[in-house]
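This report refers to the structure that appears directly beneath it.
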Amino acid sequence: MIKIGSCSIHTKVFLAPMSGCTDLPFRLIAREHGAKFCFFEMIDAHSVTHHRQKTFSMLKTLESDQPIALQLLGNDPQIMLSAAETILRSVRASFLDINAACPVRKVIKKRAGAYLLKTGKTLCDTVKLLTSSLSLPITVKMRLGYEDETPADISDLAKRCEDSGAAAIFIHGRTRLQHYSGNVNYGAIRAVKESIKIPVIGSGDVLSAQLAKKMFDETGCDAILVARGSLGNPWIFRAIENHLKDGSLPGPRDLKEMKKVLKRHLSFMHKHMECSEPGKLGVMRKVTLWYTKSFPGAKSMRGEISLVKSYGKMLESIESFG
Ligand SMILES: Cc1cc2nc3c(=O)[nH]c(=O)nc-3n(C[C@H](O)[C@H](O)[C@H](O)COP(=O)(O)O)c2cc1C
Numbered sequence: 000m001i002k003i004g005s006c007s008i009h010t011k012v013f014l015a016p017m018s019g020c021t022d023l024p025f026r027l028i029a030r031e032h033g034a035k036f037c038f039f040e041m042i043d044a045h046s047v048t049h050h051r052q053k054t055f056s057m058l059k060t061l062e063s064d065q066p067i068a069l070q071l072l073g074n075d076p077q078i079m080l081s082a083a084e085t086i087l088r089s090v091r092a093s094f095l096d097i098n099a100a101c102p103v104r105k106v107i108k109k110r111a112g113a114y115l116l117k118t119g120k121t122l123c124d125t126v127k128l129l130t131s132s133l134s135l136p137i138t139v140k141m142r143l144g145y146e147d148e149t150p151a152d153i154s155d156l157a158k159r160c161e162d163s164g165a166a167a168i169f170i171h172g173r174t175r176l177q178h179y180s181g182n183v184n185y186g187a188i189r190a191v192k193e194s195i196k197i198p199v200i201g202s203g204d205v206l207s208a209q210l211a212k213k214m215f216d217e218t219g220c221d222a223i224l225v226a227r228g229s230l231g232n233p234w235i236f237r238a239i240e241n242h243l244k245d246g247s248l249p250g251p252r253d254l255k256e257m258k259k260v261l262k263r264h265l266s267f268m269h270k271h272m273e274c275s276e277p278g279k280l281g282v283m284r285k286v287t288l289w290y291t292k293s294f295p296g297a298k299s300m301r302g303e304i305s306l307v308k309s310y311g312k313m314l315e316s317i318e319s320f321g
């Protein structure tokens, strides 16, 4: 159990926010396989205040899709507050996270995401405004730094966020410049953990049960985020929980089981995605490649499903795979 502000969360293993990935079908399949706490996809505060329909469709959820957290992207405290108020009128969330981690160029150009790490002023102002105006806990997701990593600097910023009212810090153990390259700096996450009292949730290369344990052991963090390790691999949540409990490890992935779960994931997409048929098929292809990539024949599958023109044909291709 971990407490984030007033909110008790009954797991130490969270599904991370992943733009373009952790939509409702993804979360439903993850929950069926042991994910006990999930994030919505990141929501751009400006898109909410501009009433963009696509943004609101990203907030689609179900009663069985609880507990869940929201994450907002933005660079203006007032707009972030207005967006949060609009969303929270119709969406229930355990806490609200501010994205100070996204390294993507078009986000940085808008002075949002990891740009907020540069001086930390807008970030702390946003935390202060949201904590004083909203009743749910406010958290921050950050990286180790804007340019270079200086453990003292990031620990100092985490402390300033705590002093501004943040209820937890999520930290990806890489800098903005590193994107996803280089090793995760576990020592820097540990330094952050040791400099604040609020919970610290570690992120970075949690790609297997063993790496999940390593994140806990090396950083002393209170919980972890599972991100890329869950793409086409919803089994990772139970594998991590089991490994942390008794050291056990999962056996090799079974082809029949993979096909069954992939088809169930696609059925959730068929049912819940609100976009054109070709749009849906495009995302189904991406999801199919996540699941099949570690099996023999994955390369020819890529070619085959690029030609598929209907959901039914997609299911036939999966059935004949392997
Ligand atoms: C496709 C993709 C989309 C992501 N989108 C977000 C996002 O919207 N918000 C965020 O805070 N982090 C986002 N992340 C970062 C992850 O939450 C996580 O911190 C990062 O991938 C490191 O964990 P991993 O090495 O275990 O994948 C994204 C990562 C990926 C791969």
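Note that numbering that gives the first Met the number 0 has the sequence shown beginning at 0, numbered continuously upward.
Just so you know, even glycine gets a beta-carbon here, dropped at the ideal spot from N, CA and C.
Length of the line joining the Cα atoms of residue i and residue j
i, j, result
"Tyr179", "Gln209", "19 Å"
"Lys120", "Lys108", "17 Å"
"Pro66", "Val307", "36 Å"
"Leu23", "Leu61", "8 Å"
"Cys160", "Val126", "7 Å"
"Thr130", "Asp64", "25 Å"
"Leu116", "Phe169", "13 Å"
"Glu40", "Ser299", "31 Å"
"Leu128", "His171", "24 Å"
"Ala238", "Arg104", "34 Å"
"Phe38", "Ile86", "14 Å"
"Leu14", "Phe236", "8 Å"
"Ile188", "Val199", "8 Å"
"Arg157", "Tyr310", "One detail in the question is off: residue 157 reads as Ala in this sequence, not Arg. Cα to Cα, the separation comes out at about 46 Å."
"Ser194", "Asp152", "11 Å"
"Glu84", "Lys285", "33 Å"
"Ser56", "Val47", "11 Å"
"Asp216", "Ala29", "25 Å"
"Lys279", "Met313", "11 Å"
"Gly231", "Leu206", "12 Å"
"Asp147", "Ser163", "24 Å"
"Glu276", "Arg301", "19 Å"
"Tyr185", "Ser319", "43 Å"
Proximal residues to residue i (C-beta, below 7 Å), its chain only, five neighbours per side dropped
i, result
"Pro136", "Ile3, Gly4, Ser5, Cys6, Phe94 and Ala166"
"Ala113", "Ala99, Ala100, Cys101, Pro102, Ile107, Arg142, Tyr145 and Arg175"
"Ala92", "Ile67, Ala68, Leu69 and Leu135"
"Ser192", "Looking at the sequence itself, residue 192 is Lys, so the reference to Ser does not match. So the qualifying residues of the chain are Val199, Thr218, Gly219 and Cys220."
"His45", "Gly73 and Ile78"
Same chain only: Cβ atoms within 6 Å of residue i, ignoring 5 sequence neighbours per side
i, result
"Asn241", "Ser247"
"Leu265", "Met283"
"Val90", "Leu58"
"Asp43", "Leu72"
"Phe36", "Ile8, Thr10, Phe13 and Pro66"
"His269", "Tyr310"
8 Å CB neighbourhood of residue i in its chain, flanking five on each side removed
i, result
"Asn74", "Lys109, Arg110, Ala111, Tyr114, Leu115 and Thr121"
"Ala222", "Ile1, Ile8, Thr10, Lys11, Val12, Phe13, Pro198, Ile200 and Gly201"
"Glu31", "Pro233 and Arg263"
CB-CB length for residue i against residue j, believed under 8 Å
i, j, result
"Asp96", "Leu69", "7 Å"
"Ile304", "Leu261", "Ile304 to Leu261, Cβ: 11 Å. No contact."
"Leu243", "Lys212", "6 Å"
Suppose only complete runs of 4+ residues qualify. What are the alpha helix (DSSP H) ranges in the region 60 to 119, listed by chain order? The alpha helix (DSSP H) runs of length 4 or more contained entirely in the region 60 to 119 are, from start to end of the chain, 76 to 87 and 104 to 108.
Alpha helix (DSSP H) runs wholly inside the region 152 to 196, at least 4 long, in chain order: Runs found: 185 to 194.
For the region 218 to 242, list the beta strand (DSSP E) runs that are entirely contained and at least 3 residues long, ordered along the chain. As far as the region 218 to 242 is concerned, its whole beta strand (DSSP E) runs of at least 3 residues are 222 to 225.
Are the region 284 to 298 and the region 66 to 84 touching by the rule of at least three beta carbon pairs closer than 8 Å? Touching, no, given that fewer than three Cβ pairs across the two stretches are closer than 8 Å.
Check whether the region 244 to 262 touches the region 44 to 57, counting contact only when three or more Cβ pairs, one atom from each stretch, lie closer than 8 Å. As far as the Cβ criterion goes, the region 244 to 262 does not touch the region 44 to 57, which means the pair count is below three.
Between the region 225 to 239 and the region 13 to 29, are three or more C-beta pairs nearer than 8 Å? Result yes; three or more Cβ-Cβ pairs closer than 8 Å.
What residue ranges within the region 281 to 320 form continuous beta strand (DSSP E) runs of no fewer than 3 residues, ordered along the chain? List check, beta strand (DSSP E) in window: nothing returned.
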